[in-house]
Amino acid sequence: MIDLICLILAGGFHNRIHSIVGDKPKALLRLKGKPLITYLVEKIPENIPVLITTNKRFEVDFYRWEINLTRSVEICVENFLSEKEKIGAVSAIDFWIKQKAIDNDLLVLAGDNYFEFDLHRFITAYDGKNTLVAVHDIADKEKAKQFGVVELEKKKIVKFEEKPENPKTSLVSTGCYIFPQRIFPFLAQFCNKKRDNLGEFIAYLVNQERVGAYIFNELWLDIGTEISQINKKKGGAN
């Protein structure tokens with residue numbers, strides 16, 4: 007049995023869709039009657055502890071949301087009030103690993119994602135040794151330009167490009183990862199060079215060692231991108 011801790015990243019300030027959703031965290035936007043992040047929490051096996059990152063501006067919103075949960079989670083508040091102050095996603099992972107002295111393998115989920123694949127199957131596909139990335143074929147290379155695009159050899163990622171101008175495939179990373187504890191030093195080294203994009207970290211790992219892909223066909227939505235695209239079609243601002 008692999009011991010995992012789950013870290014849900016929900017510390018962003020959603021500047022590109024602020025004009026549409028107002029001062030509300032993306033992870034708490036409602037879809038089909040429930041906040042997005044509730045779907046994520048419900049998918050996580052009960053035996054896996056759940057940490058959820060947020061920031062000082064949205065701290066109260068998350069504590070109010072937590073009251074109605076049927077399971078225990080820990081809200082981890084980053085002391086930032088604006089995008090200019092905030093550390094990036096990779097540095098946030100590194101920070102909470104150190105802050106909470108995490109020495110388990112780490113399941114990392116983007117808090118603004120919605121997916122319908124079975125998270126148990128994703129976890130079962132993890133071999134306990136190599137980073138695993140959930141990958142979805144969006145069947146549209148033009149749309150793939152907005153995401154991290156992967157190239158595969160069987161179930162191994164051989165190339166990862168963050169928002170490429172000319173995607174070679176329509177296979178994209180979906181904000182769902184398992185990182186083995188042994189790669190945490192790679193994470194810290196990456197952060198020391200002031201690089202904070204999670205996709206760039208995956209690309210870095212691909213060049214260092216084996217990174218596996220879990221391919222799923224079920225529905226997946228990146229809510230920020232979906233809202234931004236709807237707004238563009240309506241002629242609104244980002």
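All residue numbers in the sequence shown are consecutive under my numbering, ending with 244. Think of the CB as a built atom: it goes at the ideal place given N, C-alpha and C, for glycine as much as any other residue.
Under a 10 Å Cβ-count criterion, H126 is classified as exposed, with fewer than 16 other Cβ atoms of the shown protein chains found around its own Cβ.
For A107, the closest of Q187, K149 and V96 by C-alpha to C-alpha distance is Q187. For the stretch 141-207, the continuous alpha helix (DSSP H) assignments of 4+ residues that do not extend past its boundaries occur at 147-150 and 190-198, in sequence order.
If you ignore the 5 residues before and after G17, its C-beta comes within less than 7 Å of the C-beta of T59, T60, N61, E84, K92 and A98, all in its own chain and listed in chain order. Distance between I208 and F166, taken at the CA atoms: about 7 Å.
By the criterion of a C-beta distance shorter than 8 Å, D146 is surrounded in its chain by S176, once the five residues flanking it on both sides are discounted. Counting only unbroken stretches of 3 or more residues, the beta strand (DSSP E) elements lying wholly within the stretch 103-137 are 111-116 and 119-121, in sequence order.
Put simply, the backbone Cα of N172 is about 32 Å away from that of P191. If you ignore the 5 residues before and after N136, its C-beta comes within less than 6 Å of the C-beta of R216 and G218, all in its own chain and listed in chain order. With a beta-carbon spacing of about 23 Å, A140 and C197 fall beyond the 8 Å limit used to define contacts.
The three-state secondary structure of K40, taken from DSSP, is strand.
Excluding sequence positions up to five before and after D109, its CB lies within less than 7 Å of the CB of Q187, all in the same chain and listed in chain order. Between the alpha carbons of F121 and Q195 lies a gap of roughly 31 Å. Between E52 and F123, the gap from beta carbon to beta carbon reaches 8 Å or more. Going by beta carbons, I229 and V178 fall outside the 8 Å limit. Taking a C-beta distance under 8 Å as the contact criterion, E206 and E157 do not qualify as a contact pair. Between L13 and I54, the gap from beta carbon to beta carbon reaches 8 Å or more. Rounded to the nearest whole angstrom, the CA to CA distance from Y69 to R36 is 16 Å. The criterion of a C-beta distance shorter than 8 Å is satisfied by I184 and L138. For D67, the three-state secondary structure derived from DSSP is helix.
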